[in-house]
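Q: If you scroll down you'll find the structure; I have some questions about it.
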Amino acid sequence: MAAAILPPILWALIMLIEFIRYIAAGTVTTLAVTLVALPLGLVIGLAFALAHVYGGKVLTQVMRLYSTLMRGMPPILLLFILYFIISGSINLSPFWAGSIALGVVSSAYQLEILRGAILSVGGDQMMAARAIGMSRLKAIRYVILPQALRLAIPPWSNEASIVLKDSSLVYALGVAEILRRAQQLSATTQQPFMAFGTAALIYFILVFTANRLLDYLARRTQIPANPLG
Amino acid sequence: MSQPVLVAQNLTKTYGNNVIFRNISLSVNERDTIVIVGPSGTGKSTLLRCLNLLTKADSGKIWLDGVEITDPTCCSEDECRQRIGMVFQNFLLFNHLTALDNVMIGLTKVKKMPKEQARRKAVEELERVGLVDRAGHYPGQLSGGQQQRVAIARALAMEPRVMLFDEPTSALDPELIGEVLAVMKQLAREGMTMLVVTHEMGFAREVANRMIFMEKGQILEEGTPDDLFERPKYERTRQFLWKIAELHGRKAPEENG
Numbered sequence: 039m040a041a042a043i044l045p046p047i048l049w050a051l052i053m054l055i056e057f058i059r060y061i062a063a064g065t066v067t068t069l070a071v072t073l074v075a076l077p078l079g080l081v082i083g084l085a086f087a088l089a090h091v092y093g094g095k096v097l098t099q100v101m102r103l104y105s106t107l108m109r110g111m112p113p114i115l116l117l118f119i120l121y122f123i124i125s126g127s128i129n130l131s132p133f134w135a136g137s138i139a140l141g142v143v144s145s146a147y148q149l150e151i152l153r154g155a156i157l158s159v160g161g162d163q164m165m166a167a168r169a170i171g172m173s174r175l176k177a178i179r180y181v182i183l184p185q186a187l188r189l190a191i192p193p194w195s196n197e198a199s200i201v202l203k204d205s206s207l208v209y210a211l212g213v214a215e216i217l218r219r220a221q222q223l224s225a226t227t228q229q230p231f232m233a234f235g236t237a238a239l240i241y242f243i244l245v246f247t248a249n250r251l252l253d254y255l256a257r258r259t260q261i262p263a264n265p266l267g
Numbered sequence: 070m071s072q073p074v075l076v077a078q079n080l081t082k083t084y085g086n087n088v089i090f091r092n093i094s095l096s097v098n099e100r101d102t103i104v105i106v107g108p109s110g111t112g113k114s115t116l117l118r119c120l121n122l123l124t125k126a127d128s129g130k131i132w133l134d135g136v137e138i139t140d141p142t143c144c145s146e147d148e149c150r151q152r153i154g155m156v157f158q159n160f161l162l163f164n165h166l167t168a169l170d171n172v173m174i175g176l177t178k179v180k181k182m183p184k185e186q187a188r189r190k191a192v193e194e195l196e197r198v199g200l201v202d203r204a205g206h207y208p209g210q211l212s213g214g215q216q217q218r219v220a221i222a223r224a225l226a227m228e229p230r231v232m233l234f235d236e237p238t239s240a241l242d243p244e245l246i247g248e249v250l251a252v253m254k255q256l257a258r259e260g261m262t263m264l265v266v267t268h269e270m271g272f273a274r275e276v277a278n279r280m281i282f283m284e285k286g287q288i289l290e291e292g293t294p295d296d297l298f299e300r301p302k303y304e305r306t307r308q309f310l311w312k313i314a315e316l317h318g319r320k321a322p323e324e325n326g
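If you read the protein sequences in the order shown, they are chains C and X. Each residue of the first sequence is one higher than the last, beginning at 39 in this note's numbering. Each residue of the second sequence is one higher than the last, beginning at 70 in this note's numbering.
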């Protein structure tokens, strides 16, 4: 009875809040997948980028092959392949298998981002570091990386938002993240526009916030009057 | 008698079929200031990098304080480089560090000096090049001349046995050259052993006790600056030195008298 008195706009609002509450549970999963995949991709990507730049001929070729292969296939396909490899050899939940697979996919892109940043710091900085007696490892640690990582923040921010959005792919493995819960809502309420619209809104807020945070980080860590930018 | 600090014997460097220099031998004694001049592409910079082991020579030997550093079993390259200071044409300060941190980083990370002690030492070195008031500035906030003086302080902080300068003023605006040369002159007066590649003939005449003229990957002639300017063995040496001296706005010695 009360429902009839409420104006439609209020109804829509209440529904939206209900939808957000339902999908919000998936948001935690989405963030969790992202927070596993991104750092994993960063660690692998950084190690491989260093191997690519400083590893000598053979390693460089291996890294090039890795990067080309991984970036040459749709992420969802790699997700399936890696998922079946991972879950075939060790017993992992879809959440972990999917997150790790996404991290591996992302590592190829992060490799390229970091490789570019390392190369733009340039060999001269390495030479100057070696000239005061630093080993290559120390030069990388104290001279190259502090500059390269700063340069990498803007393109990395882009990759972060891609991984955040691509985390929706683990939906295909049955992980109840934002998209999957939106789909469940759509099916049970017969309100696909509202359900997917809510999911879209949440994704947008997440990506927007992540990019603003990384912009802030880039500004905070900016080197005054850096010739490299 | 002054001791030889850095000795090179029969150094040869090639890139593919391209011979950069061949059979270069030289000896830098304690308190020497040696200036190397010569046309571009003669291998002067590569020679300095080979002496510092930044580039590997194809053949030949190098001794530092009587120890052969080209012998891989003698010591680590990193330890050798600590004792050979290097100043580059384009400064190569670490862009992400302040002037003070640029000078400190070798002390804390290579020499493992405690932070406070390293800071005091770094401040001293900045004082030496007259830049203590710029300690907190980043390289991008310093003029070229200031950057180069910080680079000199960074090298000096390691207390090297010998300093190599690779055209330290070539990338500077004319009005900034003087401040860098002044620091280098002061170093020479203090008895620092220096090997300087430069086209600053005024500096060479005033400070160097020996000059080396390199051309086409070889040492064509060497002697005191007066020898090379006034009594060169080769006409080519005279031509080159005077042309450069003129280009840099310095009067030839005859015109002074």
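Ideal Cβ placement from N, Cα and C applies to all residues, glycine included.
1. Runs of 3 residues minimum, wholly inside the region 121-146 of chain X: which ones carry the beta strand (DSSP E) assignment?
2. State yes or no: is the C-beta of Val156(X) within less than 7 angstroms of the C-beta of Ile221(X)?
3. Does the distance from the C-beta atom of Ser137(C) to that of Val74(C) stay below 7 angstroms?
4. Locate the alpha helix (DSSP H) running through Ser144(C), then write down its first and last residues.
5. From the DSSP output, which residues share a beta bridge with Gly175(X)?
6. Thinking C-alpha only, which one of Met283(X), Leu241(X), Phe282(X) and Asn98(X) is nearest Leu133(X)?
7. So for Leu76(C), helix, strand or coil by DSSP?
8. Given that Glu148(X) touches chain C, what residues does it touch there, using C-beta distances under 9 angstroms?
9. Just the chain C side, please: which residues come within less than 9 angstroms of Phe234(X) by C-beta, in chain order?
10. Would you mind telling me which residues of chain X sit closer than 8 angstroms to Arg257(C), beta carbon to beta carbon, in chain order?
11. What are the residues in the region 175-191 of chain X lying within 7 angstroms of chain C by C-beta distance?
12. What residue ranges within the region 56-124 of chain C form continuous alpha helix (DSSP H) runs of no fewer than 4 residues, ordered along the chain?
13. With which residues is Glu291(X) paired in a DSSP beta bridge?
14. Compare the beta carbon distance of Asn92(X) and Thr83(X) with 7 angstroms and say whether it is the shorter of the two.
15. Measure the CB-CB distance between Pro208(X) and Leu241(X) and report whether it falls below 7 angstroms.
16. Going by C-alpha to C-alpha distance, which of Gln158(X), Lys178(X) and Arg230(X) sits closest to Arg218(X)?
17. Report, in whole angstroms, the separation of the C-beta atoms of Glu215(C) and Gly64(C), which I expect to be a contact under 8 angstroms.
18. Which same chain residues, not among the five before or five after Leu297(X), have their C-beta less than 7 angstroms away from its C-beta?
19. Any residues in the region 79-106 of chain X with a beta carbon nearer than 7 angstroms to a beta carbon of chain C? Which ones, in chain order?
20. Across which residues does DSSP place Val266(X) in a beta bridge pair?
21. Output the distance between the C-alpha atoms of Ala233(C) and Tyr121(C), rounded to the nearest integer angstrom.
22. According to DSSP, simplified to helix, strand and coil, what is Tyr84(X)?
23. Between Asp162(C), Arg153(C), Ser144(C) and Ile178(C), which has its C-alpha nearest Thr72(C)'s C-alpha?
24. Please determine whether the Cβ atom of Leu80(C) lies at a distance below 6 angstroms from any heavy atom of the ligand ATP.
25. Cα-Cα, which of Ala191(X), Cys119(X) and Gly154(X) is closest to Thr139(X)?
26. Per the DSSP calculation, Ser96(X) is bridged to which residue(s)?
27. Would Gly209(X) pass as an interface residue toward chain C - the criterion being a Cβ-Cβ separation below 7 angstroms?
28. For Ile243(C), count neighbouring Cβ atoms within 10 angstroms of its own Cβ and tell me buried if that reaches 16, exposed if not.
29. Just confirm the distance between the C-beta atoms of Ala224(X) and Lys190(X), as a whole number of angstroms; I'd bet it's less than 8 angstroms.
30. Under 8 angstroms Cβ to Cβ from Met253(X), same chain only, skipping five residues before and after it: list those, please.
31. Hey, quick one: how far does the beta strand (DSSP E) through Val156(X) stretch, first residue to last?
32. Measuring straight from C-alpha to C-alpha, what distance separates Asp295(X) and Val179(X)?
33. To the nearest angstrom, report how far apart Asn79(X) and Met101(C) are at their CA atoms.
34. Within 10 Å of its beta-carbon, does Tyr254(C) have 16 or more other beta-carbons around it, so buried, or fewer, so exposed?
35. Give me the Cα-Cα distance between Pro192(C) and Ala256(C), rounded to the nearest whole angstrom.
A: In short:
1. Secondary structure within the region 121-146 of chain X: the beta strand (DSSP E) runs of 3 or more consecutive residues, fully enclosed, are 128-133 (chain order).
2. Taking the first residue of the second sequence as position 1, residue 156(X) is located at position 87. Taking the first residue of the second sequence as position 1, residue 221(X) is located at position 152. A distance below 7 angstroms separates the beta carbons of Val156(X) and Ile221(X).
3. Residue 137(C) sits at position 99 when you count from the first residue of the first sequence. Residue 74(C) sits at position 36 when you count from the first residue of the first sequence. Yes; because the gap between Cβ atoms is below 7 angstroms, this pair is in contact.
4. Within the first sequence, the letter at position 106 stands for residue 144(C). Residues Pro132 to Val159.
5. Locating residue 175(X) in the second sequence gives position 106, where the first residue counts as 1. DSSP, once it has assigned bridges, lists no residue as partnering Gly175(X).
6. Working through the second sequence from its first residue, we reach residue 133(X) at position 64. Taking only the C-alpha atoms, the option nearest Leu133(X) is Asn98(X).
7. On the first sequence, residue 76(C) is found 38 positions in, with the first residue counted as 1. In the structure shown, Leu76(C) sits in a helix (DSSP, three-state: H, G or I).
8. Residue 148(X) sits at position 79 when you count from the first residue of the second sequence. The answer, in chain order, is Gly171.
9. Looking up residue 234(X) in the second sequence gives position 165. The premise fails here: Phe234(X) is roughly 12 angstroms from chain C at the closest Cβ pair, so nothing lies under 9 angstroms.
10. Translated into positions along the first sequence, residue 257(C) becomes position 219. Correct list: empty, because the minimum Cβ distance to chain X is about 15 angstroms.
11. Those would be Gly175, Lys178 and Val179, in chain order.
12. 94-109
13. The sequence position of residue 291(X) within the second sequence is 222, counting from 1. Per DSSP, Ile281(X).
14. Locating residue 92(X) in the second sequence gives position 23, counting from the first residue. Locating residue 83(X) in the second sequence gives position 14, counting from the first residue. 7 angstroms or more divides the Cβ of Asn92(X) from the Cβ of Thr83(X).
15. Residue 208(X) sits at position 139 when you count from the first residue of the second sequence. Residue 241(X) sits at position 172 when you count from the first residue of the second sequence. Not closer than 7 angstroms, so no.
16. By one-based count along the second sequence, residue 218(X) stands at place 149. Cα-wise, what sits closest to Arg218(X) is Gln158(X).
17. Counting from 1 along the first sequence, the entry for residue 215(C) is found at position 177. Counting from 1 along the first sequence, the entry for residue 64(C) is found at position 26. Right, the Cβ-Cβ distance comes to about 5 angstroms (below 8 angstroms), so this counts as a contact.
18. The residue labelled residue 297(X) in the question sits at position 228 within the second sequence. Within its own chain, the residues whose Cβ lies closer than 7 angstroms to the Cβ of Leu297(X), once the five positions on either side in sequence are excluded, are Met280, Phe282, Glu290, Thr306 and Leu310, listed in chain order.
19. Flagged: no residues at all.
20. On the second sequence, position 197 is the one that residue 266(X) refers to. Note: Val266(X) sits in a beta bridge opposite Ile105(X) and Asp235(X).
21. Position 195 of the first sequence, counted from the first residue, corresponds to residue 233(C). Position 83 of the first sequence, counted from the first residue, corresponds to residue 121(C). Each residue's Cα considered, the two are about 28 angstroms apart.
22. Here residue 84(X) refers to the residue found at position 15 of the second sequence. Looking at Tyr84(X) - three-state DSSP - the assignment turns out to be strand.
23. Within the first sequence, the letter at position 34 stands for residue 72(C). Nearest of Asp162(C), Arg153(C), Ser144(C) and Ile178(C) to Thr72(C), Cα basis: Ser144(C).
24. As presented, the structure is devoid of all ligands, the ligand ATP included, so that no description of it is given.
25. By 1-based counting over the second sequence, the position of residue 139(X) is 70. Residue nearest to Thr139(X) within the set Ala191(X), Cys119(X) and Gly154(X) is Cys119(X) (criterion: CA-CA distance).
26. Taking the second sequence and counting its residues from 1, the one referred to as residue 96(X) is at position 27. Looking at the DSSP assignment, Ser96(X) forms a beta bridge with Val76(X).
27. By 1-based counting over the second sequence, the position of residue 209(X) is 140. Yes, because at least one Cβ of chain C sits closer than 7 angstroms to the Cβ of Gly209(X).
28. By one-based count along the first sequence, residue 243(C) stands at place 205. When all chains shown are included, Ile243(C) counts as exposed.
29. On the second sequence, residue 224(X) is found 155 positions in, with the first residue counted as 1. On the second sequence, residue 190(X) is found 121 positions in, with the first residue counted as 1. Their Cβ separation, rounded to whole angstroms, is 13 angstroms, which puts Ala224(X) and Lys190(X) out of contact at 8 angstroms.
30. Against the second sequence, residue 253(X) aligns to sequence position 184. Hits under 8 angstroms: Ile221, Phe234, Pro237, Met263, Val265, Phe272 and Val276.
31. By 1-based counting over the second sequence, the position of residue 156(X) is 87. Segment Ile153 to Val156, the beta strand (DSSP E) holding Val156(X).
32. Your numbering for residue 295(X) matches position 226 in the second sequence. Your numbering for residue 179(X) matches position 110 in the second sequence. Between Asp295(X) and Val179(X), the C-alpha separation is close to 41 angstroms.
33. Position 10 of the second sequence, counted from the first residue, corresponds to residue 79(X). Position 63 of the first sequence, counted from the first residue, corresponds to residue 101(C). When rounded, the distance between both Cα atoms is 40 angstroms.
34. Position 216 of the first sequence, counted from the start, is the residue given in the question as residue 254(C). Tyr254(C) should be labelled exposed.
35. For this step, residue 192(C) is matched to residue 154 along the first sequence. For this step, residue 256(C) is matched to residue 218 along the first sequence. Distance between the alpha carbons of Pro192(C) and Ala256(C): 7 angstroms.
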